[in-house]
Amino acid sequence: MALFDHQRERDSVSGDAATRALSVTVVENDFVAGVYENLAFVYDWVFGPTLHPGRIEAIRKMKIQPGESVLEVGVGTGINLSMYPSSSAVTGVDLSTPMLDKARDRITNKGLRNCRVAEMDAAQMTFPDESFDIVYAPYLISVVPDPVKVAQEMRRVCRRGGRIVILNHFKSANPIMSRIETAISPLTVHIGFKSDLDLNAFLTQASLTPISIEKVNIPKMWTLVTCVKD
Ligand SMILES: C[S@@+](CC[C@H](N)C(=O)[O-])C[C@H]1O[C@@H](n2cnc3c(N)ncnc32)[C@H](O)[C@@H]1O
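When you read off a place in the sequence shown, starting at 1, and then add 10, the result is the number in this note's numbering.
In structure tokens:
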């Protein structure tokens, strides 16, 4: 929490977390779909092992109870699916057909009968309000055109008292790193993420109040944010 508090102190001086742009980079869904169409065949090799400690920690921390329903937003190739307890009911959504094809193969090959996936835009989900106990976005929020809209949708489909969990890379609190991340963001978007997403502005604009924020992966440049819907 210390990192977040520190950032908040700086924001109280600049006072613009509620209005400033979350990233210098602007994307549209078509562009994102094109990037992941190209990445689908190599995704698990390129982004598998490096980002895996964060995935494991996120699911461990959820303490999923038997019978709980989980929505994974931006499920991709389904790399997380076999880590959920078989006693939970898991739904994954994604924009990219080639990524979802991989996820479907994985569900079949691994016999994951508690998992299903569907093609859907995270910013406009078709689920009724309060459909899930846990709504989880691993490595999604810096990919989408409108992170705040996606967070609002995640909140809408989560039941009261349920958890909203976001695992992502956000812009560093270190001024030098943050400048580098901002400069390279128009480039990193071509490999699937904006490197300069502003955590505090995102949380403020999405009206999310975390119960925990922790650093994950090696190096610890990714952030696991857990919120409870009130
Ligand atoms: C970096 S991958 C994350 C995959 C997986 N969750 C993981 O842990 O590695 C991001 C995924 O989000 C999907 N995505 C991007 N924009 C989306 C949107 N608006 N709605 C749904 N999925 C989206 C991409 O197609 C891609 O599969």
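Built from N, CA and C at the ideal position, the CB exists for glycine as well.
- By the Cβ criterion, the region 144-154 is in contact with the region 173-181, since at least three pairs of Cβ atoms, one from each stretch, lie closer than 8 Å.
- Here F41 is exposed. Its C-beta has fewer than 16 other C-beta atoms within 10 Å.
- DSSP, reduced to helix, strand and coil, places V154 outside both helices and strands of the structure shown, so it counts as coil.
- Restricting attention to Q134, L81, V153, the CA atom closest to the CA of V37 is found in V153.
- Annotation for A211: A27, R30, L32 place their beta carbon closer than 6 Å to its own, counting only its chain and skipping 5 residues before and after.
- Remark: the shortest separation between the CB of V80 and any heavy atom of ligand 1 does not fall under 7 Å.
- A direct Cα-Cα distance of roughly 8 Å separates V199 from T35.
- Taking non-hydrogen atoms of ligand 1 into account, the C-beta of V154 is found less than 7 Å away from one of them.
- The Cβ atoms of L150 and R116 lie no closer than 8 Å to each other.
- Within 10 angstroms of the beta-carbon of G84 lie 16 or more other beta-carbons, which makes it buried.
- Residue environment analysis places D240 among the exposed positions, since fewer than 16 neighbouring C-beta atoms fall within 10 angstroms of its C-beta.
- According to the DSSP assignment, P108 belongs to the alpha helix (DSSP H) that extends over 107-120.
- By the neighbour-count definition (other C-beta atoms within 10 Å, threshold 16), V160 is a buried residue.
- For the 8 Å CB-CB criterion, L105 and D131 form a contact.
- Secondary structure in the region 176-233: the alpha helix (DSSP H) runs of 4 residues or longer, each lying completely within the stretch, are 185-198, 209-215 in chain order.
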